[in-house]
Ligand code: NAP
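In the numbering used here, the protein residues as written are 18 to 502.
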């Protein structure tokens, strides 16, 4: 047995419902591929509508008892799961690289990041509190209490197969909610292995249910319309988010949406250019460019554009593309052939409009879904990649000369997840941070994700926050009790 198959062998490929592992209705399975080869990796259960319903039944049945459990017990389950994930970093990382493609070092980074949400919310579980106050007229007392929202539906994307799950499961467990999780069809293995770990950590049956399926819309819509579900939390693309918001309207379901981005990355003329290049490498190339937080539009002051572009292009050209399991590889494959076609089309559109490819520019021939790290200069503002998420290793540079003009251009998008800028002027730091219409801002750094901070967007990037003190609030209701004296 090769090392790789032994890792895949460790994952249970069934549905996890009510504390039991079971086949999908009729024994159906779906194929999971390795994007580095394009070949089949394994198969997992392909859940049906009835399987989805069984999962929600299990979550609804477990809710009342779980809500009554001691916060310390929930905290300790999360802490135990955190320790197990850290202990099994290598298994999680290899699974993630196999199903999603990112290089092993990045997968290890995601395991650490994903596990940290459990440690953070283990600490938050015992800090939930309400308040008690005197009404302004002095006659009555006002009491508020926090209670779990209830059974929660969670839909997660393929690009961060573990962390996008732990960011939801951690606060839900801490708050006392049960859940049905539907991971992306491309990357079910990390989530199935996480369910095994949570079972081992002592999570009671029915609290976490995992349904893998190739028919996400068909299986999830009846659950979203089912009154037993009390919340929907989704991380994924804005078009799918819009559909789910519409479906949620019927039950007036509580909804959190972590959707797409179109991040501006601004380099002012007083920036430390080397630091800006380091930040650009992270903001663009983390996760092969397949991140909602990926820098999508580079705006560089005309006076420093040549220096920045030259240094950035040299770093991009020096990256090694290949199978993420191989030592020394910096850039893995994109998720599938469709993603390669999309990025290829965006580059063609940019060059048709007069932009210039400085390095890279195309897919790599052979098996697997590889795309060469690419830098483009002279991007016209009406190019498709200035409006749409690129979701690949392509950086396109535009120039500017005026601060208010670049802010206006940076905000000129329907998205509002994250914006980055580099400057040494602290008055500008505050001015630009206030002016950017984004849920998060990175100043002189190319990564903002941090389990202790509230992650989330505005505008078409969604609503709700994950992580930080705010993260658990998404899974709590505030109840007010009026007390007569
Ligand atoms: P996606 O196509 O929207 O899919 C996300 C999830 O939704 C998957 O589990 C998918 O299942 C499921 N899904 C698709 N259609 C559905 C439907 N009609 N009903 C119910 N579920 C449905 O997004 P993706 O391509 O996986 O992920 C990339 C997107 O996620 C990008 O836009 C990225 O910016 C965004 N993202 C946002 C954040 C954030 O925090 N803001 C973080 C990471 C990613 P199947 O895979 O089985 O179709």
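Glycine included, every Cβ here is placed at the ideal spot set by N, Cα and C.
Delimiting residues of the beta strand (DSSP E) encompassing residue i
| i | result |
| --- | --- |
| residue 413 | 411-417 |
| residue 492 | Unbroken run through residue 492: none, as it is neither H nor E. |
| residue 312 | 312-318 |
| residue 227 | 225-227 |
Alpha carbon of residue i to alpha carbon of residue j, nearest angstrom
| i | j | result |
| --- | --- | --- |
| residue 388 | residue 281 | 22 Å |
| residue 181 | residue 166 | 20 Å |
| residue 330 | residue 376 | 6 Å |
| residue 317 | residue 422 | 12 Å |
| residue 436 | residue 475 | 12 Å |
| residue 18 | residue 371 | With a pLDDT of 42 at residue 18, under the threshold of 50, the modelled position of this residue cannot be trusted, and the question is left open. |
| residue 139 | residue 93 | 7 Å |
| residue 275 | residue 134 | 16 Å |
| residue 72 | residue 287 | 55 Å |
| residue 473 | residue 484 | 9 Å |
| residue 478 | residue 328 | 31 Å |
| residue 30 | residue 202 | 12 Å |
| residue 487 | residue 397 | 39 Å |
| residue 100 | residue 59 | 27 Å |
| residue 74 | residue 264 | 20 Å |
| residue 340 | residue 174 | 21 Å |
| residue 429 | residue 246 | 37 Å |
| residue 350 | residue 28 | 23 Å |
| residue 177 | residue 324 | 33 Å |
| residue 34 | residue 408 | 33 Å |
| residue 217 | residue 346 | 34 Å |
| residue 219 | residue 295 | 42 Å |
| residue 40 | residue 309 | 33 Å |
| residue 433 | residue 156 | 45 Å |
| residue 311 | residue 256 | 18 Å |
| residue 85 | residue 168 | 14 Å |
Option in the options with minimal Cα separation from residue i
| i | options | result |
| --- | --- | --- |
| residue 125 | 135, 137, 136, 112 | 112 |
| residue 237 | 180, 172, 211, 205 | 172 |
| residue 481 | 501, 251, 210 | 251 |
| residue 189 | 296, 460, 493 | 493 |
| residue 191 | 146, 496, 444 | 146 |
| residue 183 | 175, 208, 201 | 208 |
| residue 368 | 336, 403, 272, 384 | 403 |
| residue 69 | 55, 49, 121, 231 | 231 |
| residue 268 | 243, 342, 132 | 243 |
| residue 391 | 333, 89, 339, 341 | 333 |
| residue 414 | 429, 431, 373 | 373 |
| residue 293 | 310, 322, 273 | 322 |
| residue 342 | 104, 395, 130, 109 | 109 |
| residue 456 | 448, 462, 471 | 471 |
| residue 98 | 82, 122, 137 | 137 |
| residue 384 | 362, 401, 354 | 354 |
| residue 337 | 356, 176, 364, 381 | 381 |
| residue 379 | 410, 35, 128 | 410 |
| residue 420 | 450, 67, 399, 298 | 450 |
| residue 53 | 489, 462, 357 | 357 |
| residue 240 | 499, 278, 199, 121 | 199 |
| residue 164 | 306, 446, 142, 290 | 142 |
Unbroken alpha helix (DSSP H) run spanning residue i, endpoints
| i | result |
| --- | --- |
| residue 262 | 255-266 |
| residue 158 | Note, residue 158: premise wrong, no alpha helix (DSSP H); beta strand (DSSP E) at 157-165. |
| residue 124 | 121-141 |
| residue 147 | Run containing residue 147: none; DSSP gives neither H nor E here. |
| residue 425 | 420-428 |
| residue 182 | 180-192 |
| residue 213 | 206-217 |
| residue 96 | 88-104 |
| residue 405 | Segment: none, residue 405 is in no alpha helix (DSSP H) and carries neither H nor E. |
Per DSSP, cross-strand counterpart(s) of residue i
| i | result |
| --- | --- |
| residue 38 | 33 |
| residue 65 | Paired residue(s): none; residue 65 is not in a bridge. |
| residue 271 | 248 |
| residue 294 | DSSP, once it has assigned bridges, lists no residue as partnering residue 294. |
| residue 50 | 57 |
| residue 392 | 376, 412 |
| residue 172 | 199, 251 |
| residue 458 | 436 |
| residue 283 | 316, 438 |
| residue 499 | 159 |
| residue 483 | 472 |
| residue 348 | 338 |
Residue i CB to nearest heavy atom of the ligand FMN below 6 Å
| i | result |
| --- | --- |
| residue 154 | Although the ligand FMN was asked about, the structure shown includes only the ligand NAP as ligands. |
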